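Residues in the sequence shown are numbered from 1 upward in steps of one, following my numbering. Written below as structure tokens is the structure these notes are about.
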Amino acid sequence: MPSDEQIDAYAQLVLEVGIGLRPGQDVGVTASIEHAPLVRALARAAYGAGARYVDVLYAEPHARHAL
């Protein structure tokens, strides 16, 4: 299991290199609930980099399966 520091570093990499976040932009994150630690790290890093708003949508596979 990755450490908190590794997760934070990965979140920073995703924002800087993966999406090229600029101050004032909004960020949308869709993830499974199991990925909550990474989603939280992404939100912290995005706000730290000047994101205007971080919108998180968690997918619940059991509810989707029930559909």
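A virtual CB, placed ideally from N, CA and C, is assigned to each residue, including glycine. As the structure is a prediction and not an experimental result, all values here were calculated from the model.
DSSP-derived helix/strand/coil call for residue i
{"i": "Leu-21", "result": "coil"}
{"i": "Gly-50", "result": "coil"}
Residue i, buried or exposed, once every other Cβ within 10 Å from all chains shown has been counted against 16
{"i": "Val-39", "result": "buried"}
{"i": "Ala-11", "result": "buried"}
{"i": "Leu-21", "result": "buried"}
Limits of the unbroken beta strand (DSSP E) element including residue i
{"i": "Ser-3", "result": "Run containing Ser-3: none; DSSP gives neither H nor E here."}
Where the alpha helix (DSSP H) through residue i begins and ends
{"i": "His-65", "result": "61-66"}
Cross-strand partners of residue i (DSSP beta bridge)
{"i": "Tyr-58", "result": "Ala-31"}
Neighbourhood of residue i by C-beta distance below 8 angstroms, restricted to the same chain and skipping five residues each side
{"i": "Ile-33", "result": "Tyr-58, Ala-59, Glu-60"}
{"i": "Asp-55", "result": "Asp-26, Val-27, Gly-28, Val-29"}
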